[in-house]
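First up is the structure itself, then whatever we jot down about it.
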Amino acid sequence: MATTDVVPQGTGGQLGRKRIVNDMSIQVATVNGSGSQSSNTVLLRSIFQMGVPISGKNLFPSNIAGLPTWYTIRANKDGYIGRKKEIDFLVAMNAETAQDDVMSLAPGAAVLYDEPLALEKLRDDLIFYSVPYDKLVATVCPEAKLRKLVKNMVYVGVIAQLLEIEMGEVEKAIRKQFATKAKAANLNLAAAQAGFDYAKASLQKRGVFYIERMDKTAGKIIIDGNSAAALGCMFAGCTVVTWYPITPSSSLVETMIEYMKEYRVGPDGKATFAIVQAEDELAAIGMVIGAGWAGARSMTATAGPGISLMSEFAGLAYYAEIPGVIWDIQRVGPSTGLPTRTSQGDILATAFLSHGDTKHIMLIPCSAAECFSMAAEAFNLAEQFQTLIFVMSDLDLGMNNWMSDPFDYPTTPIKRGKVLGKEELAKLGGFARYKDLDGDGVGYRTLPGTEHPAAAYFTRGSGHNDKSDYSERPDDYEDNMERLNRKFETARSFVPRPEILKGANAKIGIVAYGTSHWGIIESRDQLRNEYALETDYLRLRAYPFTREVHEFIEQHERIYVVEQNRDAQMLSLLKLDLKPELITRLRSISHLDGLPLDARSVTDELSTMEGK
Amino acid sequence: MATTPAEPRSSEPKTNHIGLTVIDYKGGKTTLCAGCGHNAISERIIEAMYDMGVQPERVAKLSGIGCSSKSPAYFMNRSHSFNSVHGRMPSVATGAMLANRNLIALGVSGDGDTASIGIGQFVHLMRRNLPIIYIIEDNGVYGLTKGQFSATADLGSKLKSGVLNDLPPIDTCTLAIQMGATFVGRSFSGDKRQLSTLLKAAIAHNGTVMLDVVSPCVTFNDHEGSTKSYKYVKDHEEVLQTMNFVPHFEEIDVEYDPGTTVNVTMHDGSHLQLRKLEEDYDATDRIQAITRLTEAHDKDEVLTGLFYVNTKSPSFLDALNMVDQPLATLPESVTRPGKEVLEAVMQELR
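Residue numbers (our numbering), protein chains in the order written: chain A, 1 to 612; chain B, 613 to 962.
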């Protein structure tokens, strides 16, 4: 069979002569439910195993099967693992989107397509490779039923040949992917090999992109943020998990169930935890609060719509002072919004979730490693401050594959906060639940079941004095609210401090948080290299803001607050906190398309705002 | 100085079998209306807990919002209590029991808190068969907001203002039985003996106890035309059986006729003897229970007694197969796996 390569015209004409090594993005366009996930994981791992930094992002529909889905693998020798907008290599497997996918490519990009799609006619400035998938699959997979499942593995082999990915690594990745299914592994390996052999015999390499072995992934792991969070919660000593399924948070608890069954069940088969699927998010948080009240380390995981439903209970936990950990894997709102797209749109609503004067502590991880480490911090803070801790992850972090250093075993012990047992009560003779004995705004609590006649107190969401007796007295109410504020102020010194990266004598500062981090670190290099713009960068890791945040803003003439929402939500929180004269230094860069933040968008907008 | 004989021993305060006096089960002074049925229910709870020798520190009192939900402040001050949010006490109770399986959960709710705003959590609590004593103090109206109908108000029942209820009631007992609760009955705040007996048996049960206790609201729903008034209940009450409860720490000394009396052995070894007033009624038959309740509605009866009991079904906590020690107090050595576990997981992810 002859190659159908088309020699690129125009700008693409010179491409054949230079090599671009370990810097590309590969997009696989398929149909939801077609089983391409395994192939994409194998491709991702093969490159990773060759020592090249990678990231994998799944852009999928809110649907079970039949709608378009795109998986983008980025390989980058410099370690940039944020999203890259431009696609260098398209694998067009979906007839429905193939035309649009091809038309949106930049000149010089390569397209690998299923032969019957005949895409080569669409443009003359791209490199086209056609593959007769059905014929190739038929030769390696006699069982017609299974062909659909292994068809996708053929493109892995083709790409391996075209980009010079070692087949030994492909085999290793396939064996890992199908570790418990030798037959499936062999079948998939044969499919990949068929693709490789076909490409070798019939396709002429025209593109400039290559993968070469390097050493930047040694010892590293690949994991999604939700799995990292699940592990973190297990090692944080979590004992009660109550949840209601919602995209993109479900996999956090589902993964946790797997880990807990394996590592938190005693030799007698008895569990050191309880995981309960509740009837809705109201019940999920109600159970978290009931369990936290009774002394468990309790948590739930949810997304925006769930956060909205939890509002009333969140106020109860704030006011009655009950610990619990809530993971918000943010997705695009308002309302149902785009359930399978990423966002940082819950920041403001969560900070003040519930009616009355309510405010909450939020932790904001940017990486899988932080999902792991912040889990332990969240549980300790929840019990130390006897309040809910919201961990604000997002879909990009939670559901996508991230390269990470292996996680460090927690060094901080489990801290249960101010809890009086029967021995302490025997010494004290009694206690006042909400009395601020230590000046930090945090009272002492007892757990139900404590065997002492003075242990009990009455927990309520209605007005109460420091003995937790019902009270409508103005001074009791005011004292209580002021103490709660004192507690929140104390928390400023205990929440995770921001990460600060300095440029050379930079006058401008960037403030960002969560997954925006990956776009920002790349954008700062672009700004320096392309516009000679030096920036300092502060990555927020928690709310309330610590002292360093104020100092950073004071040190810079202009501050760009980059976030993935329309209304500059974090900037609004900063405004509430800052001295009035500092507020004018803040500018907003907002990213609003539901796709992970890419560096180029930030660079373009910031350089324009700087008059460049 | 005159010599007076020492006080006879008998004047020392009476104690129960764990050595506590009834004072040890008392609560704060009630702020409910004088004559409110809820106060009588609080009294019966104190009595039952005292008689059963329940350690007050083991009890967790849980409630939602409403007059009924305030009442846990008026009994058992030595027990922790949680007055949570409207209609959502079941989830809070569930969480508390997950954290500490050794607690005795006592939920107090109202008809609005259960059957209106709380119906969702209520049915899910019933289907889980969580060990809890769930009491509805049922007066058919909202008291704290001054007398609107709740979802247990009967069709045609009249408000003080003359407004008629034009929707059928939700029968919480029927619902509880359908959903899977394993000890379901109805009583009347004015029936000391029946309510006390049901409460004691409830304490002996392992699973969800649902007791709907008709408890007239003297301020907003005790007038002519109300179906939840003292008078209406007295005129329309049909009692399903008479009950005798023998706690596990006492010998059974009353002979009973197996033809007319059914003996139910409770989880803790106590005995509940049900002397049938309706010849064929079998309280272990769900279908019969639901049929009889439906019939009672059609006949405008206020049917009371133990409708359904099932001592065999495993409770929610049994099914979770947790360690014996409460999750709440497990040490770090148990809840944080070792370094080697993390290393093994990391190795899999490389």
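Glycine included, every Cβ here is placed at the ideal spot set by N, Cα and C. Quantities reported herein were computed from a predicted structural model and do not represent experimental measurements.
- Taken through DSSP and simplified to helix, strand or coil, Ile347(A) comes out as helix.
- The DSSP-derived three-state label of Gln277(A) is strand.
- Looking at the backbone, the Cα of Pro743(B) and that of Asn714(B) are separated by about 10 Å.
- By the criterion of at least three beta-carbon pairs nearer than 8 Å, the segment 380–387 of chain A is in contact with the segment 408–425 of chain A.
- For the 9 Å CB-CB criterion, Val52(A) and Ile211(A) form a contact.
- By the neighbour-count criterion, in which 16 or more other beta carbons inside 10 Å mark a residue as buried, Gln277(A) falls on the exposed side.
- A straight line joining the alpha-carbon of Gly647(B) with that of His848(B) spans about 20 Å.
- Secondary structure of Gln564(A) (DSSP, three-state): coil.
- In summary, no residue of the segment 534–562 of chain A has a CB separated from any CB of chain B by less than 9 Å.
- Across the set Phe390(A), Thr139(A), Lys205(A) and Tyr409(A), the C-alpha of Thr139(A) shows the shortest separation from the C-alpha of Ala190(A).
- Between His860(B) and the set Ala717(B), Gly665(B) and Asp897(B), the nearest pair of CA atoms involves Gly665(B).
- Annotation for Gln27(A): the continuous beta strand (DSSP E) segment containing it runs Asp23 to Val31.
- Cβ proximity to chain A below 7 Å picks out Gly732, Gln733 and His736 from the segment 731–753 of chain B.
- In this model, Glu907(B) and Thr820(B) are separated by some 24 Å (Cα to Cα).
- Pairing Ala708(B) with Ile815(B) gives a Cβ-Cβ distance that is not under 9 Å.
- Taking a Cβ-Cβ threshold of 8 Å, none of the residues of chain A is close to Leu767(B); the smallest such distance is about 28 Å.
- DSSP places His883(B) inside the beta strand (DSSP E), whose first and last residues are His883 to Lys888.
- The Cβ of Asp125(A) sits no closer than 9 Å to any Cβ of chain B.
- Between the segment 781–796 of chain B and the segment 916–933 of chain B there are three or more inter-stretch CB-CB distances shorter than 8 Å, so the stretches are counted as touching.
- Looking at the backbone, the Cα of Ile221(A) and that of Met167(A) are separated by about 21 Å.
- Against Asn651(B), chain A offers no close residue; the least beta-carbon distance is about 17 Å (beta-carbon pairs closer than 9 Å).
- Counting C-beta pairs closer than 8 Å gives three or more between the segment 100–110 of chain A and the segment 119–135 of chain A, which meets the contact rule.
- In chain order, Ile553, His556, Glu557, Arg558 and Ile559 place their CB closer than 8 Å to the CB of Arg585(A), counting only its own chain and leaving out the 5 sequence neighbours on each side.
- A contact is defined here as three or more CB-CB pairs under 8 Å, and the segment 356–371 of chain A fails this definition with respect to the segment 267–281 of chain A.
- The straight-line gap separating the alpha-carbon atoms of Gln790(B) and Ser34(A) is approximately 42 Å.
- A Cβ of chain B is located within less than 9 Å of the beta carbon of Trp293(A).
- Using a 10 angstroms sphere on the CB of Asp598(A), the tally of other CB atoms reaches 16 or more, which defines it as buried.
- If you check the CB distance, Asn188(A) and Val150(A) come in under 9 Å.
- Checking the DSSP bridge columns, you'll see Pro68(A) partnered with Val31(A).
- Within 8 Å of the CB of Glu451(A), the CB atoms of chain B belong to Gln667 and Glu669, in sequence order along the chain.
- For Met934(B), the CB contacts under 7 Å within the same chain, skipping 5 residues up- and downstream, are Arg713 in chain order.
- The shortest C-alpha to C-alpha distance from Lys183(A) to any of Ala194(A), Cys141(A), Ala160(A) and Ala432(A) is the one to Cys141(A).
- No Cβ-Cβ contact shorter than 9 Å links Leu929(B) with Thr242(A).
- The secondary-structure analysis by DSSP pairs Val826(B) across a beta bridge with Asp750(B) and Phe800(B).
- Of the other Cβ atoms in all chains shown, fewer than 16 fall within 10 Å of the Cβ of Arg19(A); this residue is therefore exposed.
- Note on geometry: alpha-carbon atoms of Ala532(A) and Lys575(A) lie some 29 Å from one another.
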